[in-house]
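Participant:
Residue numbers (the numbering used here): 91 to 248.
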């Protein structure tokens with residue numbers, strides 16, 4: 091794991107913000123692959139399009155964070171707080187979301203294939219169009235507490 095200080099993280103987020111605002115002409119896309127961001131405070135952080143593959147965000151506070159189109163493949167989000175976060179079209183393939191608080195989070199059209207959702211709180215989460223095939227630990231109760239549509243791809247066992 092790559093250790094990132096709070097100051098380094100702040101700088102990365104600022105430079106990423108410049109990249110987003112300039113549509114890639116200035117700044118730099120946030121690349122936090124394999125970074126150790128356990129317990130990080132990322133409330134309302136704008137991480138759209140960020141590269142977060144295999145990042146460890148266990149117990150991080152990401153309330154209302156914008157992770158639209160972010161690459162979170164194999165990310166560790168154990169016990170992460172993502173209430174109201176935007177994960178629209180995010181790639182969460184094989185991510186570990188055990189015990190995560192995902193209430194009112196937007197996962198519309200997200201790729202959650204092979205992700206682990208054991209004991210995750212999905213109350214009020216938007217799963218419209220999300221791909222949940224091969225997911226681990228998803229229960230009927232979790233699905234019923236979330237919003238799905240005809241384009242949501244559920245695992246065969248549900």
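Built from N, CA and C at the ideal position, the CB exists for glycine as well. Computed from a prediction, not measured in an experiment: that's the story for all the values here.
(1) Go ahead and label residue 92 buried or exposed: buried means 16 or more other beta carbons lie within 10 angstroms of its beta carbon, across all protein chains shown.
(2) Classify residue 164 as buried or exposed, calling it buried when 16 or more other Cβ atoms lie within 10 Å of its own Cβ.
(3) In its own chain, which residues sit with a C-beta less than 6 Å from the C-beta of residue 236, not counting the 5 before and 5 after it?
(4) Please tell me whether residue 160 and residue 180 are closer than 8 Å, where the distance is taken between their beta carbons.
(5) Cβ of residue 226 less than 8 Å from any chain C Cβ?
(6) Which residues bound the alpha helix (DSSP H) around residue 109?
(7) Closest by CA to residue 142, which one among 225, 188, 106?
(8) Buried or exposed: where does residue 178 fall if 16 or more other Cβ atoms within 10 Å of its Cβ makes it buried?
(9) Taking a contact to mean a Cβ-Cβ separation below 8 Å, would you say residue 202 touches residue 172 in this structure?
(10) Please say whether residue 242 and residue 222 have beta carbons closer to each other than 8 Å?
Facilitator: Reading from the atomic positions:
(1) exposed
(2) buried
(3) 212, 215, 217
(4) yes
(5) Protein chains in the displayed structure number just one, and chain C is not present.
(6) 96–111
(7) 106
(8) buried
(9) no
(10) yes
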